[in-house]
Amino acid sequence: MASRVKEDEKNERIIRGLLKQPENRRCINCNSLGPQYVCTSFWTFVCTTCSGIHREFTHRVKSVSMAKFTSQEVAALQEGGNQCAKEIYFKEWDPQRNSVPDSRNVEKIRDFIKHVYEDRRFSGGRNYDKPPRGKMGDKEDISENRADGYRGGSRSPPYEGCFSERSSPGGRNDDRYSRYGHDERRSPGYDQESRQ
Numbered sequence: 001m002a003s004r005v006k007e008d009e010k011n012e013r014i015i016r017g018l019l020k021q022p023e024n025r026r027c028i029n030c031n032s033l034g035p036q037y038v039c040t041s042f043w044t045f046v047c048t049t050c051s052g053i054h055r056e057f058t059h060r061v062k063s064v065s066m067a068k069f070t071s072q073e074v075a076a077l078q079e080g081g082n083q084c085a086k087e088i089y090f091k092e093w094d095p096q097r098n099s100v101p102d103s104r105n106v107e108k109i110r111d112f113i114k115h116v117y118e119d120r121r122f123s124g125g126r127n128y129d130k131p132p133r134g135k136m137g138d139k140e141d142i143s144e145n146r147a148d149g150y151r152g153g154s155r156s157p158p159y160e161g162c163f164s165e166r167s168s169p170g171g172r173n174d175d176r177y178s179r180y181g182h183d184e185r186r187s188p189g190y191d192q193e194s195r196q
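Each residue of the sequence shown is one higher than the one before, counting from 1 in full-length UniProt numbering.
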């Protein structure tokens, strides 16, 4: 137990040290001073506002002061950080043509995060995994991104075989015992004697 506490303290010291590096002193997205969160999806330091928006895109975010970081996460953050992320996600970023969003404009930050991390507009090479996008409504774009972003498979059971063979195509079932999807005669609380 004591070794775990020492490891947590060591990890926190390392992260606090990383926050003092010039490239990590400001939020990578909106340039606000003193980020207090780590986006572990990209190993970047972000402010409170940007952390909430990253969560909207289902990016994983941890608080520097409230969360515990594993040694593996700390090592990944040491390898990553804002400078490394800029080399990847901002490779074709032109500060003359593009500007970082103001930290008070949530909509601009949301668009910025979508363009930089989801669409990878400034990362250099083309992303051939996704089909080219036409002019679509925002709702379609958002639902498509969330579906593409989740790679873990369905969390719910497949629908095939969930419905009784005794059910009619309209979903109605004439069997009086399967009204609730099970035979009440077979439930643990059913007493054979009470039927008589």
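Quick reminder that beta carbons are idealized off the backbone N, C-alpha and C, glycines included.
Test item: CB-CB of residue i and residue j under 9 Å
i, j, result
"isoleucine 109", "asparagine 24", "no"
"valine 61", "arginine 55", "yes"
"glutamate 9", "serine 71", "no"
"valine 106", "asparagine 31", "no"
"threonine 40", "alanine 76", "yes"
Counterpart residues of residue i in DSSP-defined beta bridges
i, result
"serine 63", "Tyr37"
"arginine 26", "Leu33"
"valine 46", "Tyr37"
Contacting residues, own chain, Cβ-Cβ under 7 Å from residue i (five flanking each side not counted)
i, result
"alanine 85", "Ile28, Phe42, Trp43, Thr44"
"phenylalanine 122", "Tyr89, Phe90, Lys91, Glu92, Trp93, Val116"
"lysine 68", "Asp8"
"glycine 124", "Lys91, Glu92"
"asparagine 98", "none"
Assigned exposure category for residue i - 16 Cβ within 10 Å defines buried
i, result
"proline 95", "exposed"
"valine 46", "buried"
"threonine 49", "buried"
"arginine 16", "exposed"
Own chain, CB closer than 8 Å to residue i, minus 5 neighbours either side, in chain order
i, result
"glycine 81", "Leu18, Gln21, Glu23, Asn24, Trp43, Thr44, Phe45"
"glutamine 78", "Ile14, Leu18"
"valine 5", "none"
Cut-off 6 Å between Cβ atoms - residues of its own chain near residue i, not counting five sequence neighbours on either side
i, result
"isoleucine 53", "Ile109, Arg110, Ile113"
"glutamine 83", "Glu23"
"asparagine 11", "Phe69, Val74"
"arginine 104", "none"
"serine 51", "Tyr37, Val61"
"histidine 59", "Cys39, Ser41"
*Determine contact between the region 88–95 and the region 30–41, defined as no fewer than three beta-carbon pairs at a distance below 8 Å.*
no
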